[in-house]
Amino acid sequence: MIHDMIAIVRDYWLLLLIGQYPNGPLGGLANTLILSALSIALAFPVSIVFAMARLSQSPLLRWPVTALVYFTRGVPLLMLILWSYFLVPLLTGADVPSFVTMLTTLVVYQSAFLSEVVRAGIVALGPGQMDAARALGHGHIGAMRYIILPQALYNMIPSILSTFVSTIKDTTLGYVINVPDLTFAASQVNNQLLTQPFQVFLILAIVYFAICWTLTYFANRLERRITRRRAGLLNVPAALVTPSKIVSEQL
Amino acid sequence: MSGFDLSAILGNPEYVAMLLHGIEMTFIIFAGSWSLAMALAVLLLSLRLSPFRFGDPIVAAYVSYHRNVPTLVQLMLWYFGIFTLMPSGLGEWLAIHNAEAIFAVIGLGLCQAAYFSEDLRSGVRSVGPGQMEAARALGHGYVSAMRFVIMPQGVRNALPPLVNHSVSLFKNSSLAVIIGASELTHAVKEIENLSFRTFEIYLIGTVLYLFFSLVIMSIGAYLSMRADPARSARA
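These protein sequence lines map, in sequence, to chains A and B. Position 36 (the first sequence) corresponds to 36 in our numbering; numbering is contiguous. Whatever position you read off the second sequence (first residue = 1), add 1000 for our numbering.
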């Protein structure tokens, strides 16, 4: 069986890596990674705005965003993908590639989840930081910009990394609207071979595992480092500091 | 097709029957995989807590696999991969007995067990070591101390993440549509194909998912409140 798997990788590695790229759209693992990176890059600023809105005094800012976050967390991602599959072309009036549809969905979805992370990060800093910044003469915006956010975001780097991991896992759902990603490439390989579905999907699982495990590993190490730095214990052996495992959003 | 008209779907008994069947299958898959996941999670937890030295890395590998491989890929591996490797007698039996739903339950349940067991473990870990010592001093054996002193507190601590992950499991049951199970998302897509009322049917499907997710969340909130009124009031 391992022999079969090596043969599959040898014959199809290029398709799994970049799809049909020179002769068709970019796909495969490259597309999976680009899609994930783009959605996190776009969702990140949106999530900061969302978090600010949810922490704001004004109900006009707070309520719509809270409703959006609850909505996004209560509905399966698959349902959201189907929504954008039919809404995005309707709203833009153009033929939209499935990549863009998937990107839109992921940005909305991850913004809602990330905004909770950002909010928790800001709340965890405690009110003292804001009070001190205001006492030094900063306005609310200035205090956020120069005092609160830099600290909160630094502490959140591991959580952002684990959101990235869940985004990579989420991109697999693009399969339903034919986004040419790694999962799509693997099912193409499976359709060509027909006789070795177990081997093909096992390879797929191994590739995802390798990527996500590596990222989770770094996220955990970073988290331990940041916890120690925050506690002022950077030079204390790791064993003396209780590590807190990162719980990534599942999918 | 013009204008927004929910009655085009809700007034059609055929569509309503499809929706109800979808809801039923979604709940069967949810209940089945939830029970499987919980049973396995308890097993994994006891393996971790046991003095059996090889338990730890085995459970860690199990959890690591299920958390780092996308759930969809796990389902595909089960349904497209392992199903085809089964001896033909068993395969035929499964094919007659709704193999899609069975593999959805297996795939989702095994995956969820990893999350549940981690929730339970952190719940148990947050019970102070003094509790065990006090229970032993009162004459409890290890098993009975676990059963009456540690686990009740551990499960109570683990309630919030367990509820969150139960909601995720409910939402993830929609992935079963990809291996062909006829659950709620499947019903929504079928009705869309038949009626062309895309907006209306997606709205109905979304509201149903949202409603049931909120119900699960409220049950969780109620349980946490009953388990620990003081802490819930503070939160």
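C-beta atoms are modelled at their ideal positions from N, C-alpha and C, and glycine is treated no differently.
The beta-carbon of GLY74(A) is placed less than 8 Å from the nearest beta-carbon of chain B. The beta-carbon distance between LEU1019(B) and ALA1187(B), rounded to whole angstroms, is 5 Å. This is short enough to meet the 8 Å contact definition. Within the model, the alpha-carbon separation for VAL165(A) versus LEU215(A) is close to 7 Å. Rounded to the nearest whole angstrom, the CA to CA distance from GLN129(A) to ALA231(A) is 16 Å. Along the region 1042 to 1068 of chain B, the positions whose C-beta sits under 8 Å from a C-beta of chain A are SER1064, TYR1065, ARG1067 and ASN1068, read in chain order. Flagged as an interface residue toward chain B: ASN190(A), by a C-beta distance shorter than 8 Å.
What TYR1202(B) touches in chain A, judged by beta-carbon distance under 8 Å, is MET79, LEU82, TRP83 and PHE86, going in chain order. Judged by DSSP secondary structure, PRO97(A) falls outside any alpha helix (DSSP H); it is assigned neither H nor E. Excluding its 5 nearest sequence neighbours in each direction, ALA1145(B) has C-beta neighbours in its own chain below 7 Å: MET1132, ALA1135 and ARG1136, listed in chain order. Membership of HIS3(A) in the alpha helix (DSSP H) is indicated by the continuous run 2 to 18. The beta-carbon of PRO1070(B) is placed less than 8 Å from the nearest beta-carbon of chain A.
Under the three-state reduction of DSSP output, LEU1006(B) falls in the coil class, being neither helix nor strand.
Sequence-ordered contacts of the region 1071 to 1097 of chain B with chain A read THR1071, LEU1072, VAL1073, GLN1074, MET1076, LEU1077, PHE1080, GLY1081, ILE1082, THR1084 and LEU1085 [C-beta pairs closer than 8 Å]. The DSSP-derived three-state label of LEU125(A) is coil. Look at the region 1111 to 1177 of chain B and you find these whole runs of alpha helix (DSSP H), each 4 residues long or longer: 1129 to 1137, 1142 to 1145 and 1151 to 1172.
The alpha carbon of MET1(A) has as its nearest neighbour, out of TYR146(A), THR72(A), GLN110(A) and PHE198(A), the alpha carbon of PHE198(A). Annotated three-state conformation of LEU194(A) is coil, per DSSP. At a cut-off of 8 Å between beta-carbon atoms, LEU114(A) makes no contact with chain B.
When rounded, the separation of the alpha-carbon atoms in ALA1031(B) and TYR1079(B) is 19 Å.
Under the DSSP assignment, TRP1078(B) falls outside any alpha helix (DSSP H); it carries neither an H nor an E label.
Near chain B, meaning a CB-to-CB distance below 7 Å, the residues of the region 206 to 218 of chain A are TYR208, PHE209, CYS212, TRP213 and THR216. Between ILE122(A) and the set SER47(A), PHE209(A) and LEU182(A), the nearest pair of CA atoms involves SER47(A).
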